[in-house]
Amino acid sequence: MSGFGWDPITEFFIAEPEVWQQLIEIKPAAAEWKTKPIRNYEKLVQLYGKDRATGQYAETASEMQKRKAHRSRE
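One rule links them: number in the working numbering = place in the sequence shown (from 1) + 13.
What follows is the structure in structure tokens.
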């Protein structure tokens, strides 16, 4: 659904009232996101966003954690 944006200062999704109304009619549980900040949004985008590497050097979050843990032990 388009019409939504992100405000990194307030940590809220932003949209015109009509856009919120359309979403809430389809998914009533979404109403809470109108007044509830998402504190770790940027981290969630990094972990779950659509932009992902796919080549020989791509790694999963689990692989990345293992690599970082290995480096910290060295």
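Think of the CB as a built atom: it goes at the ideal place given N, C-alpha and C, for glycine as much as any other residue.
When DSSP states are grouped into helix, strand and coil, I39 belongs to the helix group.
As the crow flies, the alpha-carbon of R86 is around 49 Å from that of I39.
By the beta-carbon neighbour count (other beta carbons within 10 angstroms, threshold 16), L36 is buried. T23 and P50 have their alpha carbons spaced roughly 7 Å apart.
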